[in-house]
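**Q** Have a look at this one.
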Amino acid sequence: MVLSKAKKHVTYTIQDIETSDEAMKDFLFSLGCHAGQTITIISNFGSNMVVNINDARYSIDLELAKAIIV
Amino acid sequence: MRIALAGNPNSGKTTLFNALTGSIEHVGNWPGVTVARKEGFVKKQLSIHQNIRIVDLPGTYSMSPFTNEERITKDYVQQEHPDVIINIIDASNLSRSLFFTTQLLSLGVPVVIALNKWDLIAKKAIDIDLAHLSKDLACPIVEVSALRQDGLKKLLATCVERKGSTQEPAFIGHADATLNKEAWLEEEKERSIYVANLVKHVEKRSIDSHKLNRHDAIDRIVAHPYLGIPIFVVILYGVFSISQATLGPFLADYLVSWIDLFYAFVANLMGNQVSPFLQALVLDGVIGGVGAIVGFLPLIMVLFFMLALLEDSGYMARVALIMDPYLKKVGLSGRSIIPMVISTGCAIPGIMSTRTIRDDRQRRTTAMLTSFMPCGAKLPVIALFAGVFFQDAAWVGTLMYFMGILIIFFGAIVIRKINGDTSKASYFIMELPEYRLPSLKRAFIAMISQGKQFVIKAVTIILLSNILVQIMQTFSWNLQLVEEGAEASSILASIATPLAFILVPLGFGLWQLAAAAITGFIAKENVVGTLAVVFGITNFIDVEALEVVSGTGEISSIMGITTVAALAYLVFNLFTPPCFAAIGAMNAELDSKKWLFGAIGFQLGMGYTLAYFIYQIGTLITTGQFGSGLVLGFLIVLVYIGSIVYLIKRNEQSQMTLQRG
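As given, the protein sequences belong to chains R and A, one line each in that order. Plus 20 on top of the position in the first sequence (first one is 1) and you've got this note's numbering. Plus 129 on top of the position in the second sequence (first one is 1) and you've got this note's numbering.
Listed below in structure tokens is the structure:
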């Protein structure tokens, strides 16, 4: 399912990043956001959410949350 | 000996670089990006070796060759062969940091790891087995605290020691992304797995990072899309009132009083023996110019300081998060709010801070629109007109800020329609650092560095132009002194008069006002100073402090324009292209002549159109008739709006053909 539909405070394993934006995909990879790594939703504000990836907190928007498949 | 400094953004690299180096040189930009290249020599007291040169490489998470920033590290190492690389790592985030580290280790240059913020990890209950880590990576690890300047000597001594040696880390990457992307991607996946395993072995956390902590609880409110906004407004108001209403002016008054004394001293010294030309040049040109800058520099510096405190505390990242949904609606992202906030102090650092915006169109849009936020230099202009024409009403200033915000939103929509690619998705991701008590020292350093850039750019331009304007105001073409009362014969008047013709439809077709607006392009505060001189009202307006001393009633009758026209004039000066120094900064970020001219055209047209409508409609409402120049102004506005509509339609056409094809 897409991350935008996932539950808070549950640690998911990323299956894929679905986007045609290769540059964004590479950038996410360097942060540790790629298939096989874990991700947790800390807060969900609707249009943005705060996630935990690789021991760091990031705020991402809904578009990006829809692109992350867990 | 040459050392390259590499590491993630937010790892403390800049702090370390500043702590290690004495004087810093900006050697232009790195190729292909608008990131300035900084180099410096190590401070003498930190190492017995002399002449160690440090190059600050741009912060990056990885060395993949797909973006300009990431290419720079590899290109630099291959082309310029540093002796050692210092890899600065944030101790509280090993797993993200080590990804880049393993890439650096395969460059064939000895790496020394500077483990930064090690003093903080005890608090966070993280334990790192440094011996194991050092062995696996096959390079020395030195614990440092860049902020506290701990461990610096040891770091440099280790670098000197490692010069010329080799290393054989446990993971070496061989694949070349440009030759075989598939193989490279596979290898990066293996790299990721290797790093994850390594971290699992060397790092022990008593608190899991994905569990909620205090900072998250704070963010529940502060980063909330609704609750967060009033908090932001209150904080901004606090920042403003400290920098513009209390501490800032206090410091400014103190400094200006010194300038006043100096002015009087020099005037006395010159007496009647010095030629009027020299008098005008030295007193009003140089000292007056310096006084004008000194009068408003403290306000800007205090603002920079407060904004640096906010940034350091981690709050600015939350602001970007809150504003993202709103900025999305006009095709920008939350990142664009930060340049706009900075621009309320000065647009020059504001425009320069658009560098962190990855998307080209968004970065350029922000760079060209951010100057519509009234900057510190525009405040004296607002104050003058509010005082003279509107009885110092508070709504005038507030209205200007709201108009600035509206224009930015409108401009963003227009630029997206002219340039936007509707097929491309845009994402927003921003790291949320932990909240921390901001460091006064770091904020002070940031204030000095931003202030220095501003001072150097602005002072040279403002000073030189002030001198030039002073000369043009004081003399006629045959270099005779212009008598008070006969200002219209000066050089400045003869240049400004033709321009004043175009300004008739806006209600202020007087050469004096045109001249003041022109000098406003050099520095917005000049508008006040020039008005004082060209109207001969220097006894009513203090040219150094740039404020009205007395006689607001007289000033308005001397200027001879209606209140409506005054509002139009204020709007014109605030919402046209910014001062030349800011245009210079804009040019650097836009990186394209097409965008530069488009931006200036957009800004000129915006100021003109707004002033036109305010004057014409306002005059209609107050007097029942339109003001003069109705048709001329309408034609000019029509050309402006027409060009925008044309460009939008042209983009719509090309978008449709793209989609069909």
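Just so you know, even glycine gets a beta-carbon here, dropped at the ideal spot from N, CA and C. Computed from a prediction, not measured in an experiment: that's the story for all the values here.
Closest to Met192 of chain A by C-alpha separation, out of A:Leu276, A:Leu439, A:Ile743, A:Gln232, would be which residue?
**A** Ranking the options by Cα distance to Met192 of chain A, first place goes to A:Gln232.
**Q** Pull the bridge partners of Leu102 of chain A from the DSSP assignment, please.
**A** This structure leaves residue 102 of chain A out entirely; chain A is present only between 130 and 790.
**Q** Since Gly762 of chain A is in the alpha helix (DSSP H), which residue starts that stretch and which ends it?
**A** 759-789 is the extent of the alpha helix (DSSP H) around Gly762 of chain A.
**Q** Short of 6 Å in beta carbon distance, which residues of its chain neighbour Leu438 of chain A, apart from the five on each side in sequence? Order them along the chain.
**A** Same-chain partners within the cutoff: Pro567, Ala572.
**Q** Compare the Cα-Cα distances from Tyr366 of chain A to each of A:Met435, A:His344, A:Glu440 and report the closest residue.
**A** Per the Cα distances, A:Met435.
**Q** Less than 7 Å between the C-beta atoms of Arg225 of chain A and Ala26 of chain R, yes or no?
**A** For Arg225 of chain A and Ala26 of chain R, no; Cβs fall outside 7 Å.
**Q** Can you tell me the Cα-Cα spacing of Thr738 of chain A and Ile88 of chain R, whole angstroms?
**A** Taking the straight line joining both Cα atoms gives about 45 Å.
**Q** Specify the secondary structure class of Asn309 of chain A as computed by DSSP and reduced to three states.
**A** Note: Asn309 of chain A maps to coil in three-state DSSP.
**Q** Examine the Cβ distances between the region 317-326 of chain A and the region 31-39 of chain R and report whether three or more of them are shorter than 8 Å.
**A** Verdict: no, contact absent.
**Q** Any beta carbon of chain A sitting closer than 7 Å to that of Ile34 of chain R?
**A** It does not: the Cβ of Ile34 of chain R has no partner Cβ on chain A nearer than 7 Å.
**Q** Using a Cβ-Cβ distance under 7 Å, would Asn64 of chain R count as near chain A?
**A** False, the Cβ-Cβ gap to chain A never drops below 7 Å.
**Q** Going by the beta-carbon positions, is the gap between Pro187 of chain A and Val156 of chain A smaller than 7 Å?
**A** No, these two residues do not count as a Cβ contact at 7 Å.
**Q** Rounding to the nearest angstrom, what Cα-Cα distance links Phe557 of chain A and Ser140 of chain A in this structure?
**A** Each residue's Cα considered, the two are about 21 Å apart.
**Q** Going by alpha carbons, who is nearest to Gly443 of chain A out of A:His344, A:Gln641, A:Ile537, A:Arg182?
**A** Ranking A:His344, A:Gln641, A:Ile537, A:Arg182 by Cα distance to Gly443 of chain A puts A:His344 first.
**Q** Could you tell me which chain R residues have their CB closer than 9 Å to the CB of Glu297 of chain A, listed as they occur along the chain?
**A** Simply none; closest approach about 24 Å.
**Q** Identify, in the order they occur along the chain, each residue of the same chain with its Cβ nearer than 6 Å to the Cβ of Leu380 of chain A, setting aside the five sequence neighbours on each side.
**A** Pro427.
**Q** Does the structure place the region 693-711 of chain A close enough to the region 728-737 of chain A that three or more beta carbon pairs sit under 8 Å?
**A** Yes: the two stretches touch, three or more of their Cβ pairs being nearer than 8 Å.
**Q** Quick check: the region 541-549 of chain A against the region 446-466 of chain A, are there 3 or more CB pairs under 8 Å?
**A** Cβ pair count under 8 Å is three or more, so yes.
**Q** Closest to Asn147 of chain A by CA distance: which of A:Leu281, A:Gly736, A:Ile255 is it?
**A** Cα-wise, what sits closest to Asn147 of chain A is A:Leu281.
**Q** Could you check whether the region 462-472 of chain A touches the region 485-497 of chain A, counting it as contact only if at least three pairs of C-beta atoms, one from each stretch, sit closer than 8 Å?
**A** The region 462-472 of chain A vs the region 485-497 of chain A: in contact.
**Q** For Lys553 of chain A, count neighbouring Cβ atoms within 10 angstroms of its own Cβ and tell me buried if that reaches 16, exposed if not.
**A** With fewer than 16 other Cβ atoms within 10 Å, it is exposed.
**Q** Would Asn216 of chain A pass as an interface residue toward chain R - the criterion being a Cβ-Cβ separation below 7 Å?
**A** With 7 Å as the cut-off, Asn216 of chain A does not count as an interface residue toward chain R.
**Q** Between Ile88 of chain R and chain A, is the shortest Cβ-Cβ distance under 7 Å, so that the two count as touching?
**A** Ile88 of chain R does not count as touching chain A.
**Q** Would you verify that the beta carbon of Glu83 of chain R is, or is not, closer than 7 Å to some beta carbon of chain A?
**A** So yes, Glu83 of chain R belongs to the interface.
**Q** Give me the subset of the region 68-82 of chain R whose CB atoms are less than 8 Å from a CB atom of chain A, sorted by chain position.
**A** The residues in question are Asn68, Val70, Asn72, Asn74, Asp75, Ala76, Arg77, Tyr78, Ser79, Ile80, Asp81.
**Q** My guess is that Met113 of chain A and Met445 of chain A are in contact by the Cβ rule of under 8 Å, so how many angstroms apart are they, rounded?
**A** The requested residue 113 of chain A is not part of the displayed model; chain A covers only 130 to 790.
**Q** DSSP three-state call for Phe755 of chain A: helix, strand or coil?
**A** It is coil, neither helix nor strand.
**Q** Starting from the C-beta of Arg334 of chain A, find all residues in its chain whose C-beta is less than 6 Å away, skip the five residues before and the five after it, and write them out in chain order.
**A** So the qualifying residues of the chain are Ile255.
**Q** Quick check on His339 of chain A - is its C-beta less than 7 Å from some C-beta in chain R?
**A** Output row for His339 of chain A: interface = yes.
**Q** Which first and last residues belong to the alpha helix (DSSP H) in which Ala26 of chain R is found?
**A** Premise fails: Ala26 of chain R is in no alpha helix (DSSP H) and is neither H nor E.
**Q** Can you check DSSP and say which residues form a bridge with Ala523 of chain A?
**A** In DSSP, Ala523 of chain A forms no bridge with anything.
**Q** With three or more C-beta pairs closer than 8 Å as the rule, is the region 393-410 of chain A touching the region 595-613 of chain A?
**A** Result yes; three or more Cβ-Cβ pairs closer than 8 Å.
**Q** Can you tell me which of A:Thr295, A:Gln373, A:Gly658, A:Arg545 puts its alpha carbon nearest to the alpha carbon of Glu781 of chain A?
**A** Checked all of A:Thr295, A:Gln373, A:Gly658, A:Arg545; the closest Cα to Glu781 of chain A is A:Arg545.
**Q** Could you tell me if Met44 of chain R is buried or exposed, where buried requires 16 or more neighbouring beta carbons within 10 angstroms of its beta carbon?
**A** Buried: at least 16 other Cβ atoms inside 10 Å.
**Q** What are the residues of the region 447-466 of chain A that lie near chain R, defined by any Cβ-Cβ distance shorter than 9 Å?
**A** Listed in sequence order: Arg447, Ala449, Leu450, Ile451, Asp453, Pro454, Lys457, Ser462, Gly463.
**Q** Could you tell me which whole alpha helix (DSSP H) segments of length 4 or greater appear in the region 333-372 of chain A?
**A** The qualifying runs are 343-351, 357-369.
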